[in-house]
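Engineer:
In our numbering, the protein residues as written are 2 to 247.
Right, dumping it as structure tokens:
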């Protein structure tokens, strides 16, 4: 039984067909790289899985149960979290505060309830430790490297113990060293049993951490191959249309 399965998913915005009958399966602990040129449909597919808007037609199934997402909370309740490219972090807050942003822990009784900073920092520290990140809960996000910021965003997703984590261009615009940090974070997620969908334009990243690669072109899935059964050259050909399908 697959963790998630998309069946013939389409999405239209008026006369524009963004996705055309996309099928995709994902198993627990598996990482799938989602690749394609700008406008190929990657972001649309991610937003459908994350619950930002429903597909026009087609099915989403989680552990063989059909689900209907109309808002992000629907996806979260079914074990799906997303890390957006901009990370959606507050630079003026600490790492611990960002992990719990919108889901703060409180103590005491109404009307004297207040934020439980100690409990939040303790739990955030545990999450960073599980990810083997050097990020500290009391550090300000604005003083962090790109890799540390990704650790904060990933730790936040793990609060809900997700089955699937969606990652949108996590290694864009960061240094080589920080790229290595982020790829190690993705490996940690896999080791802990989380499935990952990685949207990336960086071929080396996909081939390092993913088990499979799916290629979209003009809204259609033209390939879905095991990493060991393909090559960067073939994937590039599929992306640009030099190879029609595989």
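Glycine included, every Cβ here is placed at the ideal spot set by N, Cα and C. Here the structure is a predicted model, which means the values were calculated and not measured.
Considering only the alpha carbon of each residue, which of 43, 211, 199, 108 lies closest to residue 19?
Structural biologist: Of the candidates 43, 211, 199, 108, the one whose C-alpha sits nearest the C-alpha of residue 19 is 43.
Engineer: Leaving out five residues before and five after residue 184 in sequence, what residues of the same chain have Cβ atoms less than 8 angstroms from its Cβ?
Structural biologist: The residues are 172, 206, 209, 210.
Engineer: Mind pulling the alpha helix (DSSP H) runs of 4 or more residues that sit fully within the region 143-181?
Structural biologist: DSSP runs (the alpha helix (DSSP H)) wholly in the region 143-181: 147-159.
Engineer: Compute the Euclidean distance between the alpha carbons of residue 135 and residue 176, then round it to the nearest angstrom.
Structural biologist: Approximately 17 angstroms between the Cα atoms of the pair.
Engineer: Using a Cβ-Cβ cutoff of less than 8 angstroms, which residues in the same chain neighbour residue 88 once the five nearest sequence positions on both sides are dropped?
Structural biologist: Same-chain partners within the cutoff: 150, 151, 153, 154.
Engineer: Decide if residue 82 is buried, meaning its Cβ has at least 16 other Cβ atoms within 10 Å, or exposed.
Structural biologist: Residue 82 is buried by the Cβ-count criterion.
Engineer: Would you mind giving the Cβ-Cβ distance between residue 198 and residue 35, rounded to the nearest angstrom? I have them listed as a contact below 8 angstroms.
Structural biologist: Rounded, the Cβ-Cβ distance is 6 angstroms, consistent with contact.
Engineer: Enumerate, from N- to C-terminal direction, the unbroken alpha helix (DSSP H) stretches of 4 or more residues contained entirely within the region 71-153.
Structural biologist: Within the region 71-153, the complete alpha helix (DSSP H) runs of at least 4 residues are 73-78, 96-100, 118-131.
Engineer: Would you mind working out which of 127, 212, 236 sits nearest residue 204, comparing C-alpha positions?
Structural biologist: Of the candidates 127, 212, 236, the one whose C-alpha sits nearest the C-alpha of residue 204 is 236.
Engineer: Buried or exposed for residue 129, please, with buried defined as at least 16 other CB atoms from any protein chain shown within 10 angstroms of its CB.
Structural biologist: By the neighbour-count rule (16 or more Cβ atoms within 10 Å), residue 129 is buried.
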